Amino acid sequence: MCLQYNYNKAHIVAVFIRTSGQKVLVIAPARTSRFWWYPVHCILSITFMLKDILMYQDLIRNELNEAAETLANFLKDDANIHAIQRAAVLLADSFKAGGKVLSCGNGGSHCDAMHFAEELTGRYRENRPGYPAIAISDVSHISCVGNDFGFNDIFSRYVEAVGREGDVLLGISTSGNSANVIKAIAAAREKGMKVITLTGKDGGKMAGTADIEIRVPHFGYADRIQEIHIKVIHILIQLIEKEMVK
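Numbering-wise (the UniProt record's numbering), the sequence shown opens with residue 1 and increments by one.
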């Protein structure tokens, strides 16, 4: 950031602030021409006022650049593209055969599981029939099982009760180490269900447990992984809609 000031006879301080290749003009009144120090005081005041603004702008750019870099790294591996396509076909085939999908996750991944299910039962972009999808998110079920059996059983008990052969489980975990999702996968296997996972980092303990794993190889904060997960979810729904009309 570069600062310049001009102090004219009209007792006006004109301050030029140059940042990120742009020049901004800020005009402020001076108290009197006799106070030679006032322009300096004005410049310093404006500098501190703009400090937070400039810092936030840098943060915004850095966050968006990191998100773009994470997406670019995900796109580099063709296996990820193939996995998404296979997952969509698997889900559509289950629906065509009378099956359904159960989805689960914790925290932000829980919200993603609900988002996935509601856009299947509701709609994504175009009007079409609803598809059978259930997010394991019923509060009474979660509080009951969490209290009586333990939090690690909240998803697996639901899969045991509702899952059927030919259904699909979508398990979401940015770390791949969510114990309750891992138990849900085991319960789905017992039921003869297919399993799709959305994971991150190195896949954690969930690596190798699914029929199809879609993994975001990012080792930083989980929100970067979640950003890719929600995009994958939207693409899955879009592909499912195309498969269902074939």
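In this text, a Cβ means the ideal position worked out from N, Cα and C, and glycines have one as well. From a predicted model like this one, the values you see are computed outputs, not experimental measurements.
Are residue i and residue j touching if we call contact CB-CB under 8 Å?
{"i": "Val168", "j": "Met193", "result": "yes"}
{"i": "Ile212", "j": "Arg123", "result": "no"}
{"i": "Glu241", "j": "Glu126", "result": "yes"}
{"i": "His115", "j": "Ile230", "result": "yes"}
{"i": "Ile154", "j": "Leu102", "result": "no"}
{"i": "Met244", "j": "Ala92", "result": "yes"}
{"i": "Ile214", "j": "Asn80", "result": "yes"}
{"i": "Thr70", "j": "Ile185", "result": "no"}
{"i": "Val195", "j": "Ala188", "result": "yes"}
{"i": "Ala113", "j": "Gly107", "result": "no"}
{"i": "Pro132", "j": "Lys96", "result": "no"}
From residue i to residue j, what does the alpha carbon distance come to, in whole angstroms?
{"i": "Gly200", "j": "Gly130", "result": "29 Å"}
{"i": "Leu90", "j": "Leu54", "result": "48 Å"}
{"i": "Asn65", "j": "Gln226", "result": "16 Å"}
{"i": "Arg224", "j": "Ser109", "result": "12 Å"}
{"i": "Asn177", "j": "Val159", "result": "19 Å"}
{"i": "Asp58", "j": "Asp77", "result": "30 Å"}
{"i": "Arg157", "j": "Ile60", "result": "42 Å"}
{"i": "Leu3", "j": "Asn62", "result": "Confidence is the limiting factor: at Leu3 the pLDDT is only 43, short of 50, which leaves the residue's position unreliable, though a coordinate-based value still follows. When rounded, the distance between both Cα atoms is 24 Å."}
{"i": "Glu118", "j": "Tyr56", "result": "35 Å"}
{"i": "Ala210", "j": "Thr197", "result": "6 Å"}
Determine the DSSP secondary structure at residue i, reduced to helix, strand or coil.
{"i": "Asp77", "result": "coil"}
>> Contact between the stretch 193-210 and the stretch 168-179 is defined here as three or more beta-carbon pairs at a separation below 8 Å; is this criterion met?
In response: yes
>> Going residue by residue through the UniProt domain "SIS" (91-246), where are the continuous alpha helix (DSSP H) segments of at least 4 residues, counting only ones entirely within it?
In response: 108-121, 139-148, 156-162, 179-190, 222-244
> So does the stretch 232-239 actually touch the stretch 177-195, counting three or more Cβ pairs closer than 8 Å?
Replying inline: no
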